[in-house]
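Quick note on our numbering: the sequence shown kicks off at 21 and runs consecutively. Built from N, CA and C at the ideal position, the CB exists for glycine as well. Inspection log for the structure reproduced underneath, given as structure tokens.
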Amino acid sequence: MARHLRKALTVLTVALIGVVALPPGTAAQAGTAVVLTAMQRCQQGGAPDVVEYTNHWGGMVGAGFPNVTEPDNEILPGDVVRVTVTGTMTYDSSGTGVGPYGIGLVAPSTWPFPGLYEYSSVARWNNKPGGWVGSPMMTGTLSSCTAAPTGYPVRLLYYVNDPNYADNSGAWTIRTEVFRAPGRVTIEKLEVTQGVQTPDAAVPMIAYKRTFVRAYVKGFDDGLGPLSGVTATLTVEGQTGVTYPLVNTTITASFTGSDRQSLTNSFLFELPRPFTNAGSRRITVTVIPPASRGGGWQSVRSRPVAFGPNGAPVVINLTAARIGWTNIPPAMQAQVGLTGPVWPARRASVWYQQRATAENALPISSLNINDLTWVDQAYALFDCKAVLGADGRWSCPGYLDVRSWTEAKVDALCPNGGCWLAVMLPELDDGHHGNHKTTSKGNHAITLLGERVPSEQGLTLAHEIGHGLGQAHTWLNADYPRADGGLGPYVGLRYSPTYSLVSGQDTTGRTTAYDVMSYDSPAWTSPYSYCRMLPIATGNRLNCWYIPR
Numbered sequence: 021m022a023r024h025l026r027k028a029l030t031v032l033t034v035a036l037i038g039v040v041a042l043p044p045g046t047a048a049q050a051g052t053a054v055v056l057t058a059m060q061r062c063q064q065g066g067a068p069d070v071v072e073y074t075n076h077w078g079g080m081v082g083a084g085f086p087n088v089t090e091p092d093n094e095i096l097p098g099d100v101v102r103v104t105v106t107g108t109m110t111y112d113s114s115g116t117g118v119g120p121y122g123i124g125l126v127a128p129s130t131w132p133f134p135g136l137y138e139y140s141s142v143a144r145w146n147n148k149p150g151g152w153v154g155s156p157m158m159t160g161t162l163s164s165c166t167a168a169p170t171g172y173p174v175r176l177l178y179y180v181n182d183p184n185y186a187d188n189s190g191a192w193t194i195r196t197e198v199f200r201a202p203g204r205v206t207i208e209k210l211e212v213t214q215g216v217q218t219p220d221a222a223v224p225m226i227a228y229k230r231t232f233v234r235a236y237v238k239g240f241d242d243g244l245g246p247l248s249g250v251t252a253t254l255t256v257e258g259q260t261g262v263t264y265p266l267v268n269t270t271i272t273a274s275f276t277g278s279d280r281q282s283l284t285n286s287f288l289f290e291l292p293r294p295f296t297n298a299g300s301r302r303i304t305v306t307v308i309p310p311a312s313r314g315g316g317w318q319s320v321r322s323r324p325v326a327f328g329p330n331g332a333p334v335v336i337n338l339t340a341a342r343i344g345w346t347n348i349p350p351a352m353q354a355q356v357g358l359t360g361p362v363w364p365a366r367r368a369s370v371w372y373q374q375r376a377t378a379e380n381a382l383p384i385s386s387l388n389i390n391d392l393t394w395v396d397q398a399y400a401l402f403d404c405k406a407v408l409g410a411d412g413r414w415s416c417p418g419y420l421d422v423r424s425w426t427e428a429k430v431d432a433l434c435p436n437g438g439c440w441l442a443v444m445l446p447e448l449d450d451g452h453h454g455n456h457k458t459t460s461k462g463n464h465a466i467t468l469l470g471e472r473v474p475s476e477q478g479l480t481l482a483h484e485i486g487h488g489l490g491q492a493h494t495w496l497n498a499d500y501p502r503a504d505g506g507l508g509p510y511v512g513l514r515y516s517p518t519y520s521l522v523s524g525q526d527t528t529g530r531t532t533a534y535d536v537m538s539y540d541s542p543a544w545t546s547p548y549s550y551c552r553m554l555p556i557a558t559g560n561r562l563n564c565w566y567i568p569r
């Protein structure tokens, strides 16, 4: 028995050593789960959590990680970095090229970094706004796994040890790798959107339009279970106090990162309305980890946001009306649920959600609606001229008379052109059916049916206004990038009737939503249509530089 037990223990020991070999007491542990530290993962050849390349051109004063203007402190205590520098920089007119260690001569006291090699790549830890952390070092010394400073969150700034940048050329390519500490919660990306946005933020922000910030976060497993109870705040340059998230005040940070197609594991903020006026300002999101996890270090990320155009807000003033039908035959009354020959107009409150959804979906600051028949009992009646279709359904061809009336009415109200009138018919529709016409006087006449599905209400109005802003149906637009009229690889954000997302594709690339200028549902405005409407809506005061894909 003893021989067999010894053999079994030997096999078990060999198996455990084959799984992981750790110096004792250096890994985070929870029960039987063993989690490598950031240093162990780096030293044992694990994949870094962040990899970023920076081209440091010889004539540049400096570069940095993160590779953005005014980088944030995205390296936290407990994290580990590894930096690799490749390429050649030419430091004078002779064309002499050097690598990251320069020419091997120690720089004198008159140089930017005395004591380090001349013309070498220099790295410095820096805390924003606290200042320098530690002494300058040649970037090449970070080529092995290096622990971040212990007392401060930092960024890495890179320089050339050269008193004269003017005659430099060439570039070093700096690869910065970061290994995150277990239990860390970090902000992976900030997305600013007013309804739809591309991954490269190609859709510009319109001044005075409702604006939202999505903070995508990621958790790093520490073996202690889900990272639940993560909280966040938003601040804006010039703001007193903070803004808290909508939808979820706390989340569980996913170990694979936030899902763009869901609101459950990311944070959604609305920018305070006073900070959506024309101009530029900086926003900052702070994410706070659960208590006693990840060393308690908060993740902070900021970015500039610009709103345009200058001048007046981008507004559409829409005059609206509702009509009812008369002469509804008994058979049709039974089919549509009426008890008499009059089909009354819809109530004035129908415009509330129509307005909110259309304003959300269109490239305008606001949509103002003035109902001519605001008193619910006072509305125009038209003869339905009911007909029974081959499918056994009744309908009202009298809508053709309503179209003519709408065109005449808007021209009478606005003889100089440039006005909008929308007339709501009493029917509810399972699709998006309406009509837009630009009159001979340059006015916009819209007739439309209401949507039966609450989440679709307002999309017909957005579609018809879209025609007025120059957009054809997707199938008639030779430049539209998807033959099926799909929304594409984008996620739209709706705030009406509730906060929700509209994802154009599933994980396999299958179309799951369509452009608002198609006839399919669910629908939302694609970046393509939004960007094509924008210059018309703003009188060419604001344009997109979006390349459709």
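When the options are compared against residue i, the one with the closest alpha-carbon
i	options	result
Q259	Y548, Q217, V305	V305
A83	P349, T159, D535	T159
V216	V180, N285, V522, T558	V522
R321	W77, P86, V430	P86
P183	W131, G117, P169	W131
G98	T57, L420, A378, G409	T57
S424	S415, T459, A406, T106	T459
C416	T426, A410, F402	F402
S189	K429, T116, G409	T116
V325	Q318, P310, A341, R301	R301
A406	L283, L176, P361, R375	P361
L176	I123, L96, A465	L96
T393	L496, P364, Y515	P364
L570	D411, V256, I466, T377	Here the chain comprises residues numbered 21 to 569, so residue 570 is not present and cannot be evaluated.
Residue i in three-state terms, based on DSSP
i	result
A400	strand
I95	strand
Y172	coil
M352	helix
G316	helix
A428	helix
Q63	helix
A503	coil
T270	coil
S286	strand
P294	helix
Q525	strand
G79	coil
A406	coil
Through-space distance from residue j to residue i, alpha-carbon basis
i	j	result
V370	G344	14 Å
C404	L254	54 Å
S113	I303	43 Å
G451	N380	19 Å
G484	L469	According to the sequence provided, residue 484 is Glu. The question's Gly does not apply to it. If I take the Cα positions, the gap works out to 11 Å.
P246	S274	8 Å
Y179	L489	50 Å
I348	Y228	45 Å
Q353	L479	28 Å
F327	Q214	11 Å
D540	A503	13 Å
V356	L433	34 Å
A50	V250	Its pLDDT being 45, under 50, A50 is placed unreliably by the model, and the measurement read from it follows with that caveat. Roughly 20 Å separates the two Cα atoms.
A368	Q477	14 Å
G454	F232	30 Å
V101	T196	7 Å
A127	N181	8 Å
L291	R530	33 Å
V205	G239	4 Å
T296	S546	22 Å
P152	V212	The sequence as given places Trp at residue 152; Pro does not occur at that position. Using only the alpha carbons, I get a separation of about 31 Å.
S286	S312	21 Å
P350	A428	32 Å
T74	G107	12 Å
P91	T269	27 Å
S164	Y139	21 Å
Integer Cβ distance of residue i from residue j, believed to fall under 8 Å
i	j	result
S248	T272	4 Å
A167	M59	6 Å
A235	I308	In fact, because the Cβ distance is near 12 Å, the residues do not count as touching under 8 Å.
L441	T426	6 Å
D242	P294	The Cβ separation is near 40 Å, so there is no contact.
T640	G505	Since the first residue shown for the chain is 21 and the last is 569, residue 640 is missing from the structure and cannot be characterised.
Y548	L283	That belief does not hold up - the Cβ atoms of Y548 and L283 are roughly 24 Å apart, past 8 Å.
N463	V430	4 Å
_Whole runs of the beta strand (DSSP E) within the region 178-209, excluding any shorter than 3 residues_ = 189-199
_Every unbroken beta strand (DSSP E) inside the region 457-498 [3 residues or more]_ = 464-471
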